[in-house]
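Protein chains in written order, with this note's numbering: chain A, 370 to 760; chain B, 550 to 719.
Glycine included, C-beta positions come from ideal geometry on N, C-alpha and C.
Let me begin by presenting the structure, written as C-alpha cells, before commenting on it.
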C-alpha cells in the first residue's frame with residue numbers, strides 16, 4: 370500500500386514535469402514550424418536556434434503586471450482561467466503512455482490511473498472546460514470578450530456531438546471504455562489498429578476535424594479571431610491568467626492528440642512487429658538525424674552552426690545508442706512510438722495552422738450540423754451493423 | 550469508532566449539493582444561479598461515484614454539467630440577462646411560507662421512511678453493478694420499453710422545437 374502511494378506520487382510528479390516542459394516547448398516547435406512554412410527562421414535570438422525562448426517567455430509572463438480591470442465580475446473573472454487549466458490538465462491522468470513495466474521489482478503501469486470509464490472521464494473533463502472560456506468571456510464585461518465566449522461555447526457544444534459519435538465507433542469495435550484495454554485490443558501490428566482493422570478512416574477524420582474545433586485551433590479559431598474580436602475571450606486577461614488560457618489550449622491539443630492515437634492508431638504499439646525490426650527504427654531515425662547534423666556541422670553554412678550542429682549530432686547519436694540498450698528497451702520503445710504518433714498529430718495541428726484560412730461563422734456551424742454530424746452518425750450506424758453481423 | 554472515509558466524503562459532497570441547491574434560489578444573478586446548479590450536478594456525480602455507479606456519474610457530468618448547463622449559461626449570456634430585483638414579499642408568503650415548507654419536508658421525510666424502511670446501510674464498494682456493460686444490458690433487456698419511449702419523447706421535443714422556431718422566422 371505504501372509502495373503504491375510512493376510510486377503514484379513519483380509518477381504524478383514525472384508526468385506533471387514532462388507535461389509542463391512539453392507545453393512550453395510545444396509553443397517553440399509551433400513557432401518554428403509555422404516560421405519554416407512561411408519561409409522565415411522563427412525564434413532565433415534566445416539560445417541556440419531560440420531553444421531558450423520558452424524559458425524567456427515563462428519569465429516574462431510571470432513577471433508581467435497582473436492587471437484586473439475595475440469593471441469585471443471579480444470572482445468569476447478569477448475562477449475562469451483556473452477552471453480552464455484544471456480541466457485541461459485533468460485529462461492527462463487517465464492517458465496510458467505505455468504497457469505495464471517493472472521498476473526495481475515493482476510492477477506498475479505507465480499511466481497515472483486506469484479508470485474503466487477512461488474515455489468518458491476525458492469527455493467529461495473536456496466538456497467542463499467550456500465553462501472556463503465561457504465565463505472568461507462573460508465576466509470580462511467587454512463586448513469582444515463576450516462575443517468570443519459565446520462563439521466558443523456554441524462551437525464546442527456543436528462539435529462535441531460529432532466528436533462523441535466518432536469516438537463511439539472504435540469503442541464499438543474494441544468493446545471497452547478503458548483506455549489501457551483499448552490499446553491492448555489493438556496489439557500486434559498496424560493491421561490490428563482500429564484505423565486499419567476496423568476500417569475507421571471516416572471516424573478518424575471526423576474526430577480530427579472535431580478536435581481542431583474543440584481546441585479552438587485554426588481553421589476553427591473563431592473565438593479568438595483577432596481581426597474582428599481583438600483577442601476574443603481572453604482580451605482582458607494579462608500575465609499568468611493569460612498564460613493559463615494559453616497552457617490550457619496546448620494541454621487540450623496534447624490530450625486530443627493522445628486520444629486520437631489511443632483510439633485509432635494503437636497507442637504505444639509499434640507499426641510492425643519487433644521480429645521485422647521495429648525495435649531498430651528509433652535508433653535508425655535518431656542515428657541518421659545525428660549524422661545529418663554532423664555533416665552540416667562540418668560544412669557549416671553560418672559561423673555559429675560550426676559549434677551548434679556537432680553538439681546536436683552527438684546528442685542524437687547518444688539517444689540512438691540508448692535505444693539499443695536491452696534493459697531500457699522494454700519501456701523506452703513503447704514510449705517512443707506513443708510520442709512519435711502523438712507528435713505526428715500535433716505536427717498536423719501546426720501544419721493546418723500554417724496552411725488554412727479561417728472559416729466564416731455560419732460556415733462553421735453549417736459544416737458541423739449539416740455535414741460532420743450526419744457523416745459521423747452514418748459511420749456509427751454502419752460500424753454497429755458490421756460489428757453485430759460479425760459477432 | 551473511526552469514521553469511514555466514504556461517510557466523510559458523502560457528508561462533504563451532500564453538504565455541497567444542498568448548499569449549492571439553496572444558492573440557486575438565493576442568488577439574484579441568473580449566471581450565479583446556473584453555476585450553483587452546476588455545483589449541484591457535480592456533487593451529485595460524486596455521490597453516484599461513491600455508490601459505485603461510475604457510468605451514471607460520468608454521464609451525469611457529461612450530460613447535465615457539461616451539455617445542459619453549458620446551454621443554460623450560453624442562453625443567459627446571449628440574452629444578456631441582468632441581476633433580478635428583489636421585490637417585497639406578500640403578506641400570505643410571509644405568514645405561511647416557512648410553516649408550509651416545514652410541513653412539506655416533514656411529509657417527504659415521513660413517506661421516505663415509510664416506503665424505504667432502513668434495511669442495511671450502504672457502504673463503499675457494496676454495489677458493483679454500475680459499470681457501462683451492466684447499465685447497457687439493463688437498458689436493452691429489462692428497461693427496453695421505457696428506453697424506447699423516452700427516445701420517442703425526445704424526438705417529439707426536437708420536432709416541436711423546430712416547428713416553434715420556424716413559426717418565429719415567418
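Residue environment, residue i, which counts as buried when at least 16 other CB atoms sit within 10 Å
i	result
residue 549 (chain A)	buried
residue 641 (chain B)	exposed
residue 695 (chain A)	exposed
residue 390 (chain A)	exposed
residue 736 (chain A)	buried
residue 681 (chain B)	buried
residue 423 (chain A)	buried
residue 683 (chain B)	exposed
residue 454 (chain A)	buried
residue 708 (chain B)	exposed
residue 606 (chain A)	buried
residue 748 (chain A)	buried
residue 520 (chain A)	buried
residue 651 (chain A)	buried
residue 450 (chain A)	buried
residue 596 (chain A)	exposed
residue 688 (chain B)	exposed
residue 668 (chain A)	exposed
Straight-line gap, residue i to residue j (C-alpha atoms, nearest Å)
i	j	result
residue 517 (chain A)	residue 600 (chain A)	8 Å
residue 695 (chain B)	residue 685 (chain B)	13 Å
residue 568 (chain B)	residue 592 (chain B)	11 Å
residue 755 (chain A)	residue 530 (chain A)	22 Å
residue 629 (chain A)	residue 745 (chain A)	15 Å
residue 393 (chain A)	residue 719 (chain A)	15 Å
residue 602 (chain A)	residue 629 (chain B)	16 Å
residue 383 (chain A)	residue 665 (chain A)	35 Å
residue 522 (chain A)	residue 402 (chain A)	29 Å
residue 638 (chain A)	residue 558 (chain A)	7 Å
residue 614 (chain B)	residue 486 (chain A)	17 Å
residue 460 (chain A)	residue 655 (chain A)	30 Å
residue 600 (chain B)	residue 758 (chain A)	36 Å
residue 525 (chain A)	residue 561 (chain A)	32 Å
residue 590 (chain B)	residue 556 (chain B)	19 Å
residue 690 (chain B)	residue 619 (chain A)	43 Å
residue 503 (chain A)	residue 408 (chain A)	36 Å
residue 609 (chain B)	residue 404 (chain A)	44 Å
residue 640 (chain A)	residue 632 (chain A)	15 Å
residue 541 (chain A)	residue 505 (chain A)	37 Å
residue 732 (chain A)	residue 412 (chain A)	34 Å
residue 464 (chain A)	residue 386 (chain A)	15 Å
residue 700 (chain B)	residue 551 (chain A)	29 Å
residue 713 (chain B)	residue 617 (chain B)	20 Å
residue 650 (chain B)	residue 582 (chain B)	21 Å
residue 501 (chain A)	residue 723 (chain A)	27 Å
residue 532 (chain A)	residue 574 (chain A)	10 Å
residue 677 (chain B)	residue 627 (chain B)	43 Å
residue 704 (chain A)	residue 467 (chain A)	6 Å
residue 591 (chain A)	residue 446 (chain A)	21 Å
residue 577 (chain B)	residue 633 (chain B)	5 Å
Per DSSP, the bridge partner or partners of residue i
i	result
residue 476 (chain A)	A:471
Ordered list of alpha helix (DSSP H) runs contained in the segment 589-672 of chain B, each at least 4 residues:
Inside the segment 589-672 of chain B, DSSP marks whole alpha helix (DSSP H) runs of 4 or more residues at positions 603-608, 618-628, 640-664, from first to last along the chain.
Proximal residues, the segment 606-620 of chain B versus chain A, C-beta separation under 7 Å
From the segment 606-620 of chain B, only 607, 610, 611, 614, 615, 616, 619, 620 have a Cβ closer than 7 Å to chain A.
Which residues of the segment 568-594 of chain B have a Cβ closer than 9 Å to any Cβ of chain A? Give them in chain order.
Interface annotation for the segment 568-594 of chain B against chain A: 578, 580, 581, 584, 587, 591, 594, criterion Cβ-Cβ distance under 9 Å.
Looking at chain B, which residues of the segment 486-497 of chain A have a Cβ within less than 7 Å of any of its Cβ atoms?
Using a CB distance below 7 Å, the part of the segment 486-497 of chain A facing chain B consists of 486, 489, 490, 492, 493, 496, 497, ordered along the chain.
Extract the residue ranges of the alpha helix (DSSP H) inside the segment 686-727 of chain A, only unbroken runs of 4 or more that lie entirely within it.
Within the segment 686-727 of chain A, the complete alpha helix (DSSP H) runs of at least 4 residues are 695-724.
When Cβ atoms are compared, which residues of the segment 623-652 of chain B fall closer than 9 Å to chain A?
Residues of the segment 623-652 of chain B with a Cβ closer than 9 Å to any Cβ of chain A, in chain order: 623, 625, 626, 627, 629.
Residues within the segment 679-697 of chain B neighbouring chain A, beta-carbon criterion of under 8 Å:
Of all residues in the segment 679-697 of chain B, 680, 681 have a Cβ within less than 8 Å of some Cβ in chain A.
Please list the residues of the segment 633-646 of chain A that have a C-beta atom closer than 9 Å to any C-beta atom in chain B, keeping them in chain order.
For the segment 633-646 of chain A, the set of residues with a beta-carbon nearer than 9 Å to any beta-carbon of chain B is empty.
Can you list, in chain order, the stretches of the alpha helix (DSSP H) that have 4 or more residues and sit fully within the segment 423-465 of chain A?
Fully enclosed alpha helix (DSSP H) runs of 4 or longer: 443-459.
If the cut-off is 8 Å on Cβ atoms, which residues from the segment 527-553 of chain A count as contacting chain B, listed in chain order?
Answer set for the segment 527-553 of chain A: 529, 546.
Can you list, in chain order, the residues of the segment 506-522 of chain A whose Cβ is nearer than 8 Å to any Cβ on chain B?
Answer in chain order: 506, 507, 515, 518, 519, 522.
Closer than 9 Å, Cβ to any Cβ of chain B: which residues of the segment 657-672 of chain A, in chain order?
Within the segment 657-672 of chain A, no residue has a Cβ that lies closer than 9 Å to any Cβ of chain B.
Could you tell me which whole alpha helix (DSSP H) segments of length 4 or greater appear in the segment 604-671 of chain A?
Entirely contained in the segment 604-671 of chain A, the alpha helix (DSSP H) runs reaching 4 residues are, in chain order, 608-633, 650-667.
Beta carbons nearer than 7 Å to chain B: which residues of the segment 432-451 of chain A have them?
Residues: none.
At 4 residues or longer, and completely inside the segment 468-551 of chain A: list those alpha helix (DSSP H) runs for me, N to C.
Within the segment 468-551 of chain A, the complete alpha helix (DSSP H) segments of 4 residues or longer fall at 487-508, 512-543, listed in chain order.
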